[in-house]
Structures are given as C-alpha cells and as structure tokens.
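See structure below.
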Ligand code: NOJ
Ligand code: CA
C-alpha cells in the first residue's frame, strides 16, 4: 500500500515538474513532435539594405513591411532582422545604445507594430537580433559605468587596472584589430572590448546584467517577436584571472600577433547564460538562433545543451567555410552534422560572409551553381536560414577603393581586409536606377548585375534562380519526406555528384546534384534503402527530363539538380 502511494506521489510530482517544459513548447506541427521553427524557412534581412520607404538611402521597417507579400510568395516563414535598435552605427547596429526602442533611422515603435502585424497577416514571424556580448559605449549603462569606479553600473562591464605603467591587463587582441583593452584616463582603468572599442563587453558574471538582458528579450516577446538571433555568443565570458592567451605564429590582417583565444572564447559558462535566455524564451514559445562559430561538430553540439536546455537553432557556420564546391566536401560535412543527432541549421551566407553566389561562381555557370547550392541546403534535414537576395543570385559588390569603404574593419585592414560592404548591398527589386531600392542615394552601391538579377525580371522568367527557389520552397513546405524524413547519402563514392535520400514512412525523395562542370551520367540502385521500383517521379529539376526518370541512367549536364520521388 505504502509503496503504491509513494509511487503515485512520485508520478504526480514528475508530471508537475514536467509541466513547465511541456507548456514551454508550442503545439507540435507534425506527428514527430516538431516545433514550428523546424518546418520553417528563415531569411536574414539586413534592414539598412532591404527597402527604403522614405528615400533617404537607408532601408527601414516600413520598407520591410511593404515586402511581406513578396516574402510569403517566396516561401519564407520567419525573418531575422539585423539590429534596428538605437545605435551610433559604428558597427551598423551591432553597437546598441538602447535595447528597448527602434532607431529613428529605421522607424518608430508604431512602424514596428505595423510591420509585425503585416508579417503575421502573411504568416511571417519576426526574429530580432539580440547583441548579448556588448553594448554601444553610448548605452546609458556604459555611460554610468564609465562615470566613476564607485558607480553601481561600474561592475556591469569589464574594467581592470593597468598592468604596470599604463600597460593593458593582458595580451588579448580585439577580433577587429588592436588590443582588446581601451584605456580610460579619467578612471585610470582599461575596459575590455572583444570587438570595436565602441562596443564594450558586458560583464555576464554580474547577475544584474543577466536580469536586465533577460528583461530586454521579454520586452520584445511581449510585442510579438517570435525569437532572437543571438549575436556573438561565443565570447560572453572571459577567464576571471585574465590569463594571457597563448600566441601563435604569424600576424593577422590587422598586423596583430595571432593568438589562440583560449581564455576569452567559448568558456563553459556560456551555456549557462544561454540556458537562462532559453528559459525566458520558453515562457513565450520563442526560438533562439545562435551566431555560433564552431571548429568542430562537438562544439556545435554543445550549444544545444546536453538536455536541450541551450539554443534550439545554433547556426552551423562551418557550412559557410566549406570549399571547394565538391560532392566529397559537402557530403562529408553533412554526414557529420546530420549524424550528430541534433536538428541542423544550415546557413550559406550572411552580412559578415561573402555571398555564396560569389564564393562558388566559376564565371561560366554562375546561376546554375546558385541553383545547385539551393537544391542542396534547402532539401537537407534541418532548418535553413537564407540571406536576402540569395534567391535572385545577388553577388558581392566589394569596394575597389579604400575611400569608398563603409565598414570600419575594411578601413582598418585595407587592402587585405576589404570589410563587409560587399555582401550588404541593397536588395535588387527591379531594373530601375538603384534597383528600385531607393530614389535617393543608396548607402552602398548596387552592382551592375541588378539589370538582370532582380525580383521583377526573375519573376517573369520560369528558369530564373528566383523561380527555382520559389518552387523548391513550395516543395519543401508540402513534401512529408523533405519536412520530416531522415537523411541517407547514396552513391557515396561519386566525387562529382552528391546524392541522397530523404525518407519518411515509406515515402522518399531522391536529391541528385551535379557539383561539377562536366556532364555526368548516374545510376541508382535503391533496393537496399527499400525503394526498388527503379524509377523516380520528377518533382523539380534543372535538367530537361520527363515526368519520370529511369534510375538506371540520369544524364546531368554541368551543375544541375534533379529531385524526384522514389517508390518501393
Ligand atoms: C557578429 C555580427 O554579425 C557582426 O556584424 C558584428 O560586427 C559582430 N557580431 C559584433 O557585434
Ligand atoms: Ca529610409
């Protein structure tokens, strides 16, 4: 009797304890228990460059709002908008001076609300970008912090006395060049900044900082934001003893001695902070995407948390570094990420990384290569995050003269480091001057390719990159194997053609990607995988084939995609 009742108590107790975790998740969208963001396609939008509604040359929230119908047409479910908070714009918004407002350059709170509503009406969620590691030096917290060593905010940042005669406390360098320590003559102390001196690092060891930052996320969840992309999470914590980093041979593009960032990058405490942000996110069924720069799969896996208490969507940024474009390179990487047992988050490019179109172009098959890349990462298991303009084949437009550079790291590191302007140019809407982005002077120049690579022109061309993306995303949203299926590589020894199956409950989609500039002929025997029919029903392809394809011989011209359904 006694045993029974204690069992009952334990059962009730465990149900009670499990309740918050259960309510934290929104209703699953499928039989697999997947959450909405696992079926969603995300796109990053760089607000300065998307659409300028008031023709001052800078994109804005009203501009984004006016494109919600386009995004829906394309098949985007959520947009991550790079920081639009008040900012001195030293790092174009990644230097936030107020987490709970909109920069007048981008609009007002009312504009935000209108944009959020128009997004909702089109089933598009708004993901904001939360700069967790640092604030602007103009944030009121830092102004207080730097006013005196006894100010209550002093401990909100990382201050340290000099080591000897005005020498920085250690050898840490900023990832944007120079020492990571900035001298403050008034306080006779240095403060620490992993990025620009105008971006002082917050002291995450201070519980008040944590609480204030958690509250800032609540502020936006309450106003309808469905999640955050968390900026620079790797560097949230520093070794409290400020131990010198081991030096490495050679100098970087800023002329600084290379070093292993052993004591200020990816400290174990990071996950605790992320789990705290996750607890808050769970109160609102929100999703957290991480800017997670990892060197290997185990580092990436760690960001999910051993018990999935960390980020739901740590970005696989290793994916952006893969080269050359080859079946073997991508097969190997996907095998490792997919095999980790977590939900992959593939990213091809963003506002810090040269556009994929330019990375892989061979000068002859550029548009076809763009379709191959899309055919791959939009059919893999996981959630993709696209970068605005990728869907029309936007290329990098790097500055050719130092005086044209806007990004400070380009000014500092020129000519070795040209900065990130090239991947941040205005979205190309049509073939009118400035690609229809603005009638003013755009803050960055539009490349000449806008005349052919723009939304209006590509909408009309059934073979455009844009229509390929649109058709592919429509397929991805409706095909159960693409939504929920597993990933199985096939023909693994083929060094030119990357092929795999996505299988779900007896259904399967075969994806075949010719990643070479040479025509290829491939055949598949899928009996071992349970699909012996020998034929595929074409779902989407860039080869001239029929409605069905014999698996005994598929002819693939250079850089082509074939996606078909196979049966038993
Ligand atoms: C990563 C952002 O993506 C980048 O643009 C920024 O410069 C740094 N974090 C610093 O916030
Ligand atoms: Ca504007």
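Numbering (this note's numbering), first residue to last: 18 to 585. Using N, Cα and C, we set each Cβ at its ideal position, and we do this for glycine too.
Checklist entry - For residue 403, is the classification buried or exposed, using 16 other Cβ atoms within 10 angstroms of its Cβ as the cut-off for buried? => result buried
Item to check | Start-to-end residues for the beta strand (DSSP E) that takes in residue 248 | outcome: 244-248
Next on the checklist: Do residue 330 and residue 234 have their beta-carbon atoms positioned less than 8 Å apart in this structure?
Outcome noted: no
Next on the checklist: Quick check: the stretch 355-368 against the stretch 443-460, are at least 3 beta-carbon pairs closer than 8 Å?
Outcome noted: no
Item to check | Of the residues 106, 115, 50, 192, the one placed nearest residue 429, counting alpha carbons only | outcome: 192
Item to check | Enclosing alpha helix (DSSP H) for residue 498 [first to last residue] | outcome: 497-501
Next on the checklist: Just to confirm the assignment: which complete alpha helix (DSSP H) runs, minimum length 4, are found wholly within the stretch 367-432?
Outcome noted: 373-377, 383-394, 425-430
Item to check | Cβ pair residue 14, residue 248 closer than 8 Å | outcome: Examination of residue 14 is not possible in this model, given that the chain is present from 18 through 585 alone.
Next on the checklist: On the criterion of 16 or more Cβ atoms from any shown chain inside 10 Å, does residue 181 qualify as buried, or is it exposed?
Outcome noted: exposed
Item to check | Contact under 8 Å by Cβ, residue 144 with residue 97 | outcome: yes
Item to check | One or two residues paired with residue 330 in a DSSP bridge | outcome: 306
Checklist entry - Going by C-alpha distance, which of 448, 533, 175, 246 is nearest residue 159? => result 175
Checklist entry - What number of angstroms, rounded off, separates the C-alpha of residue 207 from the C-alpha of residue 366? => result 35 Å
Item to check | Residue interval of the alpha helix (DSSP H) (run including residue 588) | outcome: What the structure shows of the chain is the stretch from 18 to 585, and residue 588 is not part of that stretch, so it cannot be assessed.
Checklist entry - Heavy atom of ligand 1 less than 7 Å from the Cβ of residue 249, yes or no? => result yes
Checklist entry - Can you pull the DSSP bridge partners for residue 506? => result 517
Next on the checklist: Any heavy atom of ligand 2 inside 7 Å of the beta-carbon of residue 76?
Outcome noted: yes
Item to check | Alpha-carbon spacing of residue 290 relative to residue 229, whole angstroms | outcome: 13 Å
Item to check | Cross-strand partners of residue 530 (DSSP beta bridge) | outcome: 515, 578
Checklist entry - Looking at the structure shown, is residue 571 part of a helix, part of a strand, or coil, going by DSSP? => result strand
Next on the checklist: I'd like the span of the beta strand (DSSP E) that includes residue 200, first residue to last.
Outcome noted: 198-201
Item to check | Proximity test, residue 368 beta-carbon vs ligand 1 heavy atom, cut-off 7 Å | outcome: yes
Checklist entry - If you compare alpha carbons, which of 321, 196, 335 is closest to residue 305? => result 321
Checklist entry - Once you ignore the five residues that flank residue 639 on each side, which residues in its own chain have a CB closer than 8 Å to its CB? => result Because the chain spans 18 through 585 in this model, residue 639 falls outside it and cannot be assessed.
Item to check | At least 3 beta-carbon pairs within less than 8 Å: the stretch 412-421 vs the stretch 547-559 | outcome: no
Checklist entry - At a cut-off of 7 Å, is residue 148 close to ligand 3 when judged by its beta-carbon and the heavy atoms of the ligand? => result As presented, the structure is devoid of ligand 3, carrying ligand 1 and ligand 2 as its sole ligands.
Item to check | N-terminal and C-terminal residue of the beta strand (DSSP E) that residue 264 is part of | outcome: 264-268
Item to check | N- and C-terminal bounds of the alpha helix (DSSP H) containing residue 159 | outcome: 157-162
Checklist entry - Cα separation between residue 275 and residue 342? => result 28 Å
Next on the checklist: Could you pull the DSSP bridge partners for residue 524 from this structure?
Outcome noted: 521
Checklist entry - Which value, in whole angstroms, describes the spacing of the CA atoms of residue 102 and residue 271? => result 29 Å
Checklist entry - In terms of residue numbering, what span does the beta strand (DSSP E) encompassing residue 473 cover? => result First-last for residue 473: 472-477, but that is the alpha helix (DSSP H), not the beta strand (DSSP E).
Checklist entry - Can the beta-carbon of residue 287 be found closer than 8 Å to that of residue 312? => result no
Next on the checklist: If the criterion is Cβ atoms closer than 8 Å, does the pair residue 94 and residue 500 meet it?
Outcome noted: no
Checklist entry - Grouping DSSP H, G and I as helix and E and B as strand, with all else coil, what is residue 454? => result coil
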